[in-house]
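The structure under discussion appears below in the form of structure tokens.
Numbering (the UniProt record's numbering), first residue to last: 1 to 261.
Structure (structure tokens):
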């Protein structure tokens, strides 16, 4: 198999991952199918890195002429526009399902309901408020600290969420026709490439912050995996979105608490 073919194959998988996680356009020659979607999970962290770089650049440029709090809000708006609120929607659906359902079937049914419930509204509202506050605090310490936080958190949170595909069971329901497209399998090779993207951003940081993020995110992953297992027996696309949002907030908290102390 030629190097050119392998390079084109990997580029195709990256574009599939990009189309899955963002609203950014991809080349017309890229076709998406279940096999490519599964293998593209190796690049979910790279997509997070791209989102972090874009939102970080928006913040940096905005804070040159606007207050830090406004610049942070603009960066958050751009982030939502880039992803279409993909992960926020997963957080809201997970909160509604886990908060309002008693049985596994009830929880899955509620999670697939397009209507926003009180648990979901509270989850989104509090998550966005906390994200804004944490980024403002980072920005007030140093604009570059906020940029670093955006890049690191957007990458590591997607690495953590995507890694659950490898170890956890995908939960199906009877009405699978209405389910969102989702990577349901992950090979060991896919996992190694995914983890490499996380390692890449950790190398940007000093040793204490990097080590703290690694240990704390590992604990967060363990807790989330067990929580999802107890609630529904595994994961769905919505719970992966919730995992991304939660771990992104944890990243900001760790950087603020450890990196700036």
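Just so you know, even glycine gets a beta-carbon here, dropped at the ideal spot from N, CA and C.
Burial is judged here by how many other beta carbons sit within 10 angstroms of a residue's own beta carbon; residue 186 has at least 16 and is buried. Counting C-beta atoms within 10 angstroms of its own C-beta, residue 144 has fewer than 16 neighbours from the protein chains shown and is therefore classed as exposed. Beta bridge pairing from DSSP links residue 119 with no other residue. From the listed residues 96, 102, 125, 103, the smallest Cα separation to residue 114 is found for 96. The bridge partners DSSP lists for residue 252 come to none. Inclusion of residue 16 and residue 50 in the CB contact set at 8 Å is not warranted, their separation being larger than that value. Inclusion of residue 73 and residue 161 in the CB contact set at 8 Å is not warranted, their separation being larger than that value. In the assembly as shown, residue 190 is a buried residue. Its beta-carbon has 16 or more other beta-carbons within 10 Å.
Residue 171: not part of any alpha helix (DSSP H); DSSP gives it neither H nor E. Restricting attention to 221, 238, 94, 201, the CA atom closest to the CA of residue 167 is found in 221. Pairing residue 192 with residue 198, the inter-Cα distance amounts to about 10 Å. Residue 82 sits close to residue 22, with the two beta carbons spaced by under 8 Å. In the DSSP assignment, residue 207 falls within the alpha helix (DSSP H) that extends over 207-232.
Cβ atoms of residue 202 and residue 214 come within 8 Å of each other, at about 7 Å.
In terms of Cβ geometry, residue 153 and residue 146 do not form a close pair [threshold 8 Å]. Looking only at 118, 55, 238, the smallest Cα-Cα distance to residue 171 is reached by 238. Taken in chain order, the complete alpha helix (DSSP H) segments of 4 residues or longer contained in the segment 73-120 are 86-100, 104-112.
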